[in-house]
Amino acid sequence: MENNKRKVDGSFANEENQRKQTKIDDYWLAKPMVPTYNPFAPLTIVEEIQDKDKEQEKEKEKEKTDPKPPPIFVHNVQEITPLTALLETEAKDAYTYKTLRNFTVKIQAQNSDSFRRIHKALKDKKTEMHSYQLKSDKGFRVVLKGLHHSTCGEDIKNALQVLGHHVIRINNKRCRQTKKPLPLFDIELAVSSSNHQIYSVNRLLNCVVEIEPPRPNKEIIQCTRCQRFGHSKAYCLRETRCVKCLESHWTSECPRKNKDQNVRCVNCNGYHPANYRGCEAHLRAKAQRRSDLRGRVREAIREGRESRAQNFNVGKSVNNSASAIRGGVTYANVTSGEIGTIPSDTHVNVNLSQNRQNPADSNSDMSELRSMMRTLTEQMTSMLSIMNTLVNLMGQKNQK
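If you're matching positions, the sequence shown starts at 4 in our numbering and goes up one per residue.
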């Protein structure tokens, strides 16, 4: 009986221990807990700061690799509120805009992603606008010379594919005046580290060829959709205008199929096609481009002068600070306490400009060089006259 009682008591005790007791900390009338301090908490803060710094560095590297996107020009903007609402929805705080004349708004996205979102949203709403291609989407363009104009583009593509070049687009060039095909092909390659190796290719499809970079186009590009200057039809969503008349349709849909004296220009209302190079609108755009180029060149020259002047001032301050050198004093004397104060007569002024050449010496050297060149030229002239005389004498002897 005692053993059974003990077992019963033991089992009861175990059941009591297994029950969940109310903790003092959880009791709502208990005393507040003593505040504790984790001495390793600052380490987590340091780690968070380091993680933020790494994220900022990654963003900066991405900004460096991601080129600045082109602007988007939105035309015929009568009310700005719907446009700003769309911009806030698609790219919040990742854009800037500027109001131009003739109800035009220039939108500048801060990165490629925001540019794509804004451009797609405006395109879906059939907005009247134009823009340009992203630099990251542009391929590596070359010109292939030497192949017959009737060569199949697929054959050229497969031949370059064997050489390790991925071709995106091939286009045969035509003469601007006669519209006849030329033995020239514009080729666009996918960007890779081996693009420049294509210039070493001199045989393609058993034909002697030459591959070179395209020449820069000095002419102002003209859109074949709206007939305006400065952009192409690939990124233009403005109203279509004909090159031969004042109607709003594609040039291919114009009823005037033959040459006519009554053609009209949509840019200046003159009696000539819109792509005439002597058009007043074309000449104005050309002059504006020339002035913009001059402005960029002047800005680059000004920045170069400012940077050179800044470097000169920094070097001058360094020379001034290094011009006074303490003579007769060593590092061991100073650290041992043997030298307390250094008299002013121990300073040695060092002129760092001694190695610079004197302008007078350079002028004398130039004059001496000119005199030597003049003497050499006279000697060469006399030698040539003597050689001509000898050649004439030898010719006379051969004739005899």
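Just so you know, even glycine gets a beta-carbon here, dropped at the ideal spot from N, CA and C.
How big is the Cα-Cα spacing for glutamine 230 and lysine 101?
24 angstroms
Proximity winner among Leu163, Pro72, Glu213 and Asp54, relative to proline 186 (alpha-carbon distances)
Glu213
Who pairs with glutamine 111 in a beta bridge, going by DSSP?
Thr99
Starting from isoleucine 159, follow the alpha helix (DSSP H) in both directions and report where the run begins and ends.
156-165
I need the straight-line Cα distance from leucine 192 to lysine 141, nearest angstrom please.
9 angstroms
Does the beta carbon of glutamine 399 sit closer than 9 angstroms to a beta carbon anywhere in chain B?
Protein chains in the displayed structure number just one, and chain B is not present.
Check whether the Cβ atoms of aspartate 189 and serine 115 sit closer than 9 angstroms, and answer yes or no.
no
Candidates Arg228, Glu242 and Thr243: closest to lysine 236 by CA position:
Arg228
Taking all protein chains shown into account, do 16 or more other C-beta atoms lie within 10 angstroms of the C-beta of serine 388, making it buried, or fewer, making it exposed?
exposed
Rounded to the nearest angstrom, how far is the Cβ of histidine 133 from that of arginine 241, given a contact under 8 angstroms?
6 angstroms
Proximity to arginine 104 [Cα-Cα], best of Val246, Lys128 and His78
His78
Judging by CA-CA distance, which residue of Ala162, Pro184 and Asn198 is the nearest neighbour of arginine 144?
Asn198
DSSP on glutamine 81, reduced to helix/strand/coil?
coil
DSSP beta-bridge partners for asparagine 174?
Asp189
Can you tell me which residues form a DSSP beta bridge with lysine 148?
Leu187 and Glu213
Is it right to say histidine 405 is buried, meaning 16 or more other beta carbons lie within 10 angstroms of its own, or is it exposed?
Nothing about residue 405 can be read from this structure; the chain reaches only from 4 to 403.
Neighbourhood of isoleucine 159 by C-beta distance below 8 angstroms, restricted to the same chain and skipping five residues each side:
Leu147, Leu150, Val170, Ile173, Phe188, Ile190, Leu207 and Leu208
Looking at the structure shown, is phenylalanine 106 part of a helix, part of a strand, or coil, going by DSSP?
coil
For the region 254-272 against the region 291-301, do three or more pairs of beta-carbon atoms, one drawn from each stretch, fall closer than 8 angstroms, so that the two count as touching?
no
DSSP three-state assignment for histidine 168, whether helix, strand or coil
coil
Do glutamine 113 and alanine 94 count as a contact pair if the criterion is CB distance below 9 angstroms?
yes
Isoleucine 52 by DSSP, collapsed to three states: which one?
helix
Can you look up isoleucine 342 in the DSSP assignment and give me helix, strand or coil?
Its pLDDT being 48, under 50, isoleucine 342 is placed unreliably by the model, and the measurement read from it follows with that caveat. Coil.
Candidates Ser251, Tyr135, Lys55 and Thr47: closest to isoleucine 75 by CA position:
Tyr135
Should alanine 288 and isoleucine 201 be called a contact, given that it needs their Cβ atoms to be closer than 9 angstroms?
no
Let me check you understand the geometry: is the CB of serine 388 closer than 8 angstroms to at least one non-hydrogen atom of the ligand PLP?
The model on display carries no ligand, and the ligand PLP is accordingly not part of it.
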